[in-house]
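Asks:
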Ligand SMILES: [Zn+2]
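Residue numbers (our numbering): 466 to 721.
(1) Given residue 513, which residues of its chain have a CB within under 8 Å of its CB, disregarding the five upstream and five downstream residues?
(2) Is it the case that the CB of residue 697 approaches a heavy atom of ligand 1 more closely than 7 Å?
(3) Confirm, please, whether the CB-CB distance from residue 479 to residue 526 is below 8 Å.
(4) Span of the beta strand (DSSP E) holding residue 660?
(5) What are the start and end residues of the beta strand (DSSP E) that includes residue 490?
(6) For residue 633 versus residue 557, is the C-beta distance shorter than 8 Å?
(7) In whole angstroms, what separates the C-alpha of residue 508 from that of residue 555?
(8) Around ligand 3, which residues pass a check of Cβ closer than 5 Å to any of its heavy atoms?
(9) Rounded to the nearest angstrom, how far is the Cβ of residue 520 from that of residue 510, given a contact under 8 Å?
(10) Out of 541, 543, 561, 544, state which residue places its alpha-carbon closest to the alpha-carbon of residue 550.
(11) Look at the alpha carbon of residue 683 and the alpha carbon of residue 716, and state the distance between them as a whole number of angstroms.
(12) With C-beta atoms as the reference, is residue 609 less than 8 Å away from residue 548?
(13) Could you tell me the distance, in whole angstroms, from the CA atom of residue 661 to the CA atom of residue 586?
(14) For a quick check, are the C-beta atoms of residue 530 and residue 673 less than 8 Å apart?
(15) From the DSSP secondary-structure annotation, give me the bridge partner or partners of residue 518.
(16) For residue 640 versus residue 515, is the C-beta spacing smaller than 8 Å?
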């Protein structure tokens, strides 16, 4: 929040992966910095063979339906982490489960990012991105396939918690035109209302593509840094260009 405020951000959401932990702290920090705050979450979805992220904005963090849904996702995290650690062990890097757990602070929060941070810390790789490129990314030796939430469930939990479902960084899924159209149709039919157009996970030349998609489908548009932490993300909060003027920003739903 401090970083965003320093970069001139006027309102910001926190959307951590499959958890609403930290929203209260972030809201306090935002108010201290004098910027608006929007509650959020980013839900992992398995759609066919593709992992898709659905952001929920303006959610009620205390919603029981959302909490129950997130718990069902988190339950799978430890099993997956064990299998990743076993792969890394076989590759000659022992002890990663314990180390990643210590970094995550809890089983519920444990993710590939914590493994990546540990691998970077012990010098197995130069930085977290290289941990994904070499070990943890799809198709790499320590990648473990995991089934996340269904798309209809994720959208349902978000709307059930009073939030707006936003398809995160749609350009990142490597879908062919037909798959892309099918995903967008399904997302809209299920109650999805917005897509990210300008994000740290899109190349600048992709913005126009997703602007056209938002116009065509009548989606609200969102802008997200995809900032995970210092040194781990290409873009810091408040450093992306504005949304194309033709689009209606998702934040018009909340007055600041
Ligand atoms: Zn994401």
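Cβ atoms here follow ideal geometry from the backbone N, Cα and C, with glycine treated the same way.
Replies: On the basis of the data shown:
(1) On the chain shown, residue 513 is found 48 positions in, with the first residue counted as 1. These residues qualify, in order along the chain: 644.
(2) Here residue 697 refers to the residue found at position 232 when the chain shown is read from its first residue. Checking the Cβ of residue 697 against ligand 1 gives no.
(3) By 1-based counting over the chain shown, the position of residue 526 is 61. By 1-based counting over the chain shown, the position of residue 479 is 14. No, the pair does not count as a contact, with Cβ atoms beyond the cut-off.
(4) By one-based count along the chain shown, residue 660 stands at place 195. Where residue 660 is concerned, the enclosing beta strand (DSSP E) stretches over 659-664.
(5) Start at 1 with the first residue of the chain shown, and residue 490 comes out as number 25. Not the beta strand (DSSP E): residue 490 falls in the alpha helix (DSSP H), residues 488-498.
(6) For the purposes of this step, residue 633 is taken as residue 168 along the chain shown, with counting starting at 1. For the purposes of this step, residue 557 is taken as residue 92 along the chain shown, with counting starting at 1. In this structure, residue 557 does not lie closer than 8 Å to residue 633 by Cβ.
(7) Residue numbering aside, residue 508 sits at position 43 when the chain shown is read from its first letter. Residue numbering aside, residue 555 sits at position 90 when the chain shown is read from its first letter. The straight-line gap from Cα to Cα measures roughly 31 Å.
(8) With respect to ligand 3, the structure offers nothing, as its ligand set consists of ligand 1.
(9) Counted from its first residue, the chain shown places residue 520 at position 55. Counted from its first residue, the chain shown places residue 510 at position 45. About 11 Å; that fails the 8 Å criterion.
(10) Locating residue 550 in the chain shown gives position 85, where the first residue counts as 1. Nearest C-alpha to residue 550: 561.
(11) As a position in the chain shown, residue 683 is number 218, starting the count at 1. As a position in the chain shown, residue 716 is number 251, starting the count at 1. Distance between the alpha carbons of residue 683 and residue 716: 15 Å.
(12) The residue given as residue 609 occupies position 144 in the chain shown. The residue given as residue 548 occupies position 83 in the chain shown. A contact, by the Cβ cut-off of 8 Å.
(13) As a position in the chain shown, residue 661 is number 196, starting the count at 1. As a position in the chain shown, residue 586 is number 121, starting the count at 1. Computed Cα separation, rounded: 32 Å.
(14) Numbered from 1 along the chain shown, position 65 holds the residue referred to as residue 530. Numbered from 1 along the chain shown, position 208 holds the residue referred to as residue 673. For residue 530 and residue 673, no; Cβs fall outside 8 Å.
(15) Walking along the chain shown from the start, residue 518 turns up at place 53. DSSP lists 509 as partners of residue 518.
(16) Residue mapping note: residue 640 aligns to position 175 of the chain shown, counting from 1. Residue mapping note: residue 515 aligns to position 50 of the chain shown, counting from 1. Cβ atoms of residue 640 and residue 515: closer than 8 Å.
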